[in-house]
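Novice:
Number of protein chains: 2
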Amino acid sequence: MKLTEQKRMQILDAAEELFHSSGVEHTSMDQLALQAKVSKRTVYNHFATKDALFQAILQRMFNKLAQGGEVRFNVAEPIDQQLRSIAQDEVTLLSSAAFLRVAKIAIMQVMQRPELAQLMSDSSLGCKRYIDNFLTDACSAGVLQITDIPFAGKQFIYQLKSFVFYPSLFGLEQQTPAQQAHIINEAIALFLARYQAK
Amino acid sequence: MKLTEQKRMQILDAAEELFHSSGVEHTSMDQLALQAKVSKRTVYNHFATKDALFQAILQRMFNKLAQGGEVRFNVAEPIDQQLRSIAQDEVTLLSSAAFLRVAKIAIMQVMQRPELAQLMSDSSLGCKRYIDNFLTDACSAGVLQITDIPFAGKQFIYQLKSFVFYPSLFGLEQQTPAQQAHIINEAIALFLARYQAK
DNA sequence: CGATATAAACTACACCGTGCAGTTTACATA
DNA sequence: TATGTAAACTGCACGGTGTAGTTTATATCG
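Listed in order, the protein sequences are those of chains A and B. Take the first sequence: its letter number 55 is residue 55 in the numbering used here, and every next letter is one higher. Take the second sequence: its letter number 81 is residue 81 in the numbering used here, and every next letter is one higher.
Rendered as C-alpha cells:
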C-alpha cells in the first residue's frame, strides 16, 4: 500500500477510536496525531479541518455498515420464522460494536448541533430498508393484517431498538445472547398477537 | 425573597436555558452571567465550578419532574381506559419541554462520561415508578395475563418512548396531538392483543 | 458599616490551524 | 544497481481565539 494511504488509514483509525471514547469535542488534533503516530501537519494535509475529518469518519463507518442482506417475504415459510430471521439480523447489527460506535458519535454530534439531524434520519440501515416491502407482501398474501404498514414496521423495529440498542448506547447494560433471544421472541409474539391474520 | 436567593434563581434559570440550547460545553460562564443579569463573580460566589453548577441544575430539574400522580389499578374501570390514562400521562411527560431539556442535558453528559450512567437508570420518573404494581394487580384480578411483568411493562413504556421521546430528543420531529393519540391507541392495542386475559 | 453585587481587567491554559525548514519515501531513469 | 526528483511526512514554533477562574477597585443594599 502507498504510504500516503497508510497514513490516511492510521488517521481515520485513530479518529474513530478517540471520537468514540472521548467524543469529538474532547479530542484534540494533537492528541489525535499522537495516537495515529503521524505528525499533526500530516493530519491537516489529509483533512483541511477537524470537521472534514469528522465527516470522513462518519462516511467511512456508514459504508462499513451499509452491507447486509435483504429479507424478502416467502409465502412458503412460516411468518414467525421469517420475522425471527429479520429480528436476528437486526439485533446483530444493533448490538455490534461497529454500529454502536457510529451511532454514539453521530448522536452526540446531532444533539450538540441539531441542524445535522436530517443526516441521521436519511441514512437507512438494517431492516428499515426493506421491512415495509416485506410487510406489504405478507399482507397481500393474507398472512398479516395491517392497516398502517409503516407504523407497524416501526413498532416492530422499535421493540428491538429499545431493548437492545439504547441500553447499550447509554452504557447501561449489555444483553446476553439468551436475553436477546427472549427479546426477539417476545417482540414477535407481541407483533403477531396484533397483526397475524386470523 | 432574599436578594441572594433571587440571584441564585436567575443563575439557575439562565444555566438551564443555555445548557439546553447550546450544550454544557458550549456555554461559557461569561455568556451565562450575561443571560442571568448577574456578574460573573456572583456566579462563582454561588457555585464553585462550572461542574458544580451543572450538578445543581440536574438536581433541580429532576426535582421539578419528580412530582406526578400515580395510577393504581381499579377493577371497576375498563383496562384499556386505565392504560390510556397511564399512557397519556406518560406522553405528556415525555414530550414536555421540561423533560426533554433535562433528558438532553443528562444524556449528552452520560454519553461523554459513561461513569455517570448509573445516575440515569436509578432515577425513576413517570409511570416507570408504578407500572409494575399496576400490572401485577391487573393480573391478580384476572384482567391481564402476563408471565414476565417487568418485561411487559417495558414493552409498553418503550412503545411510547420510541415514538414520542427519541424523535423529539434527536430533533427529528414533533408529534401533533392527533398523532400522539394514534400512538397511544396503537400501543394499547398491541399490548392488549398480547396480554389481555381471554 | 458590613455584607454582597458589579464591572473590567487579568492569568493561565488549551486548542485549531499555519508556515517552514529539513527529512524520508516512492519511483523513474540512467 | 546507482542516482535524481517530486511528493509526502516530520517536528516545532507561532498566531489567534476561547474560556475557566481570579483579582481589584467600586458601588449598592439592608
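Where is the CB? At the ideal position from N, CA and C, for every residue including glycine.
1. Would you say the segment 129 to 140 of chain B touches the segment 70 to 88 of chain B, given that touching needs at least three Cβ pairs under 8 angstroms?
2. Can you find a CB in chain A that lies within less than 8 angstroms of the CB of alanine 193 of chain B?
3. Please classify valine 38 of chain B as buried or exposed, where buried requires at least 16 neighbouring CB atoms within 10 angstroms.
4. From the DSSP output, which residues share a beta bridge with glutamine 196 of chain A?
5. Residues in the same chain with beta-carbon distance under 6 angstroms from glutamate 90 of chain A, minus the five sequence neighbours each way, listed in chain order, please.
6. For isoleucine 107 of chain B, go through chain A and note every residue whose CB falls closer than 8 angstroms to its CB, in chain order.
7. Please report how far the alpha carbon of leucine 94 of chain A lies from the alpha carbon of glutamine 88 of chain A, in whole angstroms.
8. Please confirm whether glutamate 16 of chain B has its beta-carbon closer than 8 angstroms to some beta-carbon of chain A.
9. Out of B:Leu169, B:Val110, B:Glu77 and B:Ala98, which one is the CA nearest neighbour of aspartate 13 of chain B?
10. When the Cα atoms are used, what is the spatial distance from tyrosine 195 of chain A to glutamate 17 of chain B?
11. Rounded to a whole number of angstroms, what is the C-alpha to C-alpha distance between glutamine 31 of chain B and isoleucine 146 of chain B?
12. Below 8 angstroms between beta carbons: does that hold for isoleucine 107 of chain B and phenylalanine 170 of chain A?
13. Hey, quick one: how far does the alpha helix (DSSP H) through valine 164 of chain A stretch, first residue to last?
14. Using a Cβ cut-off of 7 angstroms, pull out every chain B residue sitting near glutamate 25 of chain A, in sequence order please.
15. Nearest to leucine 144 of chain A by CA position, among A:Ala197, A:Leu116, A:Thr176 and A:Asn185, is which residue?
16. Taking a contact to mean a Cβ-Cβ separation below 8 angstroms, would you say phenylalanine 62 of chain B touches leucine 53 of chain B in this structure?
17. Can you tell me whether methionine 9 of chain A is buried or exposed, with buried defined as 16 or more other CB within 10 angstroms of its CB?
18. May I ask you to list, following chain order, the residues of the segment 147 to 159 of chain A that have a beta carbon less than 9 angstroms from some beta carbon of chain B?
19. Since I believe valine 75 of chain A is in contact with isoleucine 86 of chain A (beta carbons under 8 angstroms), could you give me their beta-carbon distance rounded to a whole number of angstroms?
20. Hey, glutamate 25 of chain A and glutamate 25 of chain B are a contact pair by Cβ (cut 8 angstroms); roughly how many whole angstroms apart?
21. Could you say which of A:Ala187, A:Lys2 and A:Ala33 lies nearest to glycine 153 of chain A if we only look at CA atoms?
22. Quick one: measure Cβ to Cβ for lysine 7 of chain B and threonine 42 of chain B, integer angstroms, because I've assumed they're closer than 8 angstroms.
23. Considering only residues of the segment 54 to 95 of chain A, which uninterrupted alpha helix (DSSP H) runs meet the minimum length of 4 residues and lie entirely inside it, listed in chain order?
24. Exposed or buried, which one is alanine 36 of chain A when buried takes at least 16 other CB atoms within 10 Å?
25. Counting contacts by CB-CB distance shorter than 8 angstroms, is alanine 197 of chain A in contact with chain B?
Specialist: In brief:
1. yes
2. Taking the first residue of the second sequence as position 1, residue 193 of chain B is located at position 193. Closer than 8 angstroms: yes.
3. Looking up residue 38 of chain B in the second sequence gives position 38. By the 10 Å Cβ count, valine 38 of chain B comes out buried.
4. Reading the first sequence from its first residue, position 196 is the one you call residue 196 of chain A. DSSP output for glutamine 196 of chain A lists A:Leu144 as bridge partner(s).
5. In the first sequence, the residue the question calls residue 90 of chain A occupies position 90. Counting only Cβ-Cβ distances below 6 angstroms, and skipping sequence neighbours, we find Gly126, Cys127 and Leu160.
6. As a position in the second sequence, residue 107 of chain B is number 107, starting the count at 1. Here the neighbours are Met111 and Phe170.
7. Reading the first sequence from its first residue, position 94 is the one you call residue 94 of chain A. Reading the first sequence from its first residue, position 88 is the one you call residue 88 of chain A. Cα to Cα, leucine 94 of chain A sits roughly 10 angstroms from glutamine 88 of chain A.
8. As a position in the second sequence, residue 16 of chain B is number 16, starting the count at 1. Glutamate 16 of chain B does not count as touching chain A.
9. Within the second sequence, numbered from 1, the residue matching residue 13 of chain B stands at position 13. Nearest of B:Leu169, B:Val110, B:Glu77 and B:Ala98 to aspartate 13 of chain B, Cα basis: B:Ala98.
10. As a working note, residue 195 of chain A is residue 195 in the first sequence. As a working note, residue 17 of chain B is residue 17 in the second sequence. The straight-line gap from Cα to Cα measures roughly 44 angstroms.
11. For the purposes of this step, residue 31 of chain B is taken as the residue at position 31 of the second sequence. For the purposes of this step, residue 146 of chain B is taken as the residue at position 146 of the second sequence. Whole-angstrom Cα-Cα distance: 53 angstroms.
12. Translated into positions along the second sequence, residue 107 of chain B becomes position 107. Translated into positions along the first sequence, residue 170 of chain A becomes position 170. For isoleucine 107 of chain B and phenylalanine 170 of chain A, yes; Cβs fall inside 8 angstroms.
13. In the first sequence, counting from the first residue as 1, residue 164 of chain A sits at position 164. Premise fails: valine 164 of chain A is in no alpha helix (DSSP H) and is neither H nor E.
14. Start at 1 with the first residue of the first sequence, and residue 25 of chain A comes out as number 25. Neighbours of glutamate 25 of chain A on chain B, chain order: Glu25.
15. For the purposes of this step, residue 144 of chain A is taken as the residue at position 144 of the first sequence. Comparing Cα-Cα distances from leucine 144 of chain A to each of A:Ala197, A:Leu116, A:Thr176 and A:Asn185, the minimum goes to A:Ala197.
16. Residue 62 of chain B sits at position 62 when you count from the first residue of the second sequence. Residue 53 of chain B sits at position 53 when you count from the first residue of the second sequence. Going by C-beta atoms, phenylalanine 62 of chain B is not nearer than 8 angstroms to leucine 53 of chain B.
17. Here residue 9 of chain A refers to the residue found at position 9 when the first sequence is read from its first residue. The residue is exposed, with fewer than 16 neighbouring Cβ atoms inside 10 Å.
18. Asp148, Phe151, Ala152, Lys154, Gln155, Ile157, Tyr158 and Gln159
19. Numbered from its first residue, the first sequence carries residue 86 of chain A at position 86. Numbered from its first residue, the first sequence carries residue 75 of chain A at position 75. That pair is no contact at about 16 angstroms.
20. Position 25 of the first sequence, counting from 1, holds the residue named residue 25 of chain A. Position 25 of the second sequence, counting from 1, holds the residue named residue 25 of chain B. 6 angstroms between Cβ atoms; contact.
21. Taking the first residue of the first sequence as 1, we reach residue 153 of chain A at position 153. For the residues A:Ala187, A:Lys2 and A:Ala33, the minimum Cα distance to glycine 153 of chain A belongs to A:Ala187.
22. Taking the first residue of the second sequence as 1, we reach residue 7 of chain B at position 7. Taking the first residue of the second sequence as 1, we reach residue 42 of chain B at position 42. About 6 angstroms separates the two Cβ atoms, so the contact holds.
23. 79 to 94
24. Reading the first sequence from its first residue, position 36 is the one you call residue 36 of chain A. Buried is the call here.
25. For this step, residue 197 of chain A is matched to residue 197 along the first sequence. No, because no Cβ of chain B sits closer than 8 angstroms to the Cβ of alanine 197 of chain A.
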